[in-house]
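Novice:
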Amino acid sequence: MAQPKAVNTAPQDTQDHIEQLSEQIAVLRQDISAISKSLGEIGASTKDAAVESARLKAAELRASGEELGQQAVDAVRQQPAAAVGMAVGVGFLMGFLTGRK
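Counting with my numbering, you get residues 985 to 1085 for the letters of the sequence shown.
1. Kindly indicate which three-state DSSP category residue 1063 falls into: helix, strand or coil?
2. Give the C-beta separation of residue 1059 and residue 1065 to the nearest angstrom, bearing in mind that I take them to be a contact with Cβ-Cβ under 8 Å.
3. Return helix, strand or coil for residue 1083, following the three-state DSSP convention.
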């Protein structure tokens, strides 16, 4: 008696698996692209926030420095002898600390 030929389904199964893998790879590429885009947006917003914070801090320091400078000018104008005495004292101290022996 002749035996019936076995139907070979392996090539079709392999093709199905390859198609599934290709679809999964395409989905992964899309996910990676979306993640990269999100990370880029997060980086940009973080950079913008840091720049804005630095600008605000610089403006505050500038205003504080101007105020301290004006206070120093006012103090020198009100008590010039004391200002000269302090300047001489600081100069003497700096010369003593940095002088060679």
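Think of the CB as a built atom: it goes at the ideal place given N, C-alpha and C, for glycine as much as any other residue. Computed from a prediction, not measured in an experiment: that's the story for all the values here.
Specialist: Straight from the coordinates:
1. Of the three classes helix, strand and coil, the one that applies to residue 1063 here is coil, per DSSP.
2. Residue 1059 to residue 1065, Cβ: 12 Å. No contact.
3. In the displayed model, residue 1083 falls within coil according to three-state DSSP, outside both helix and strand.
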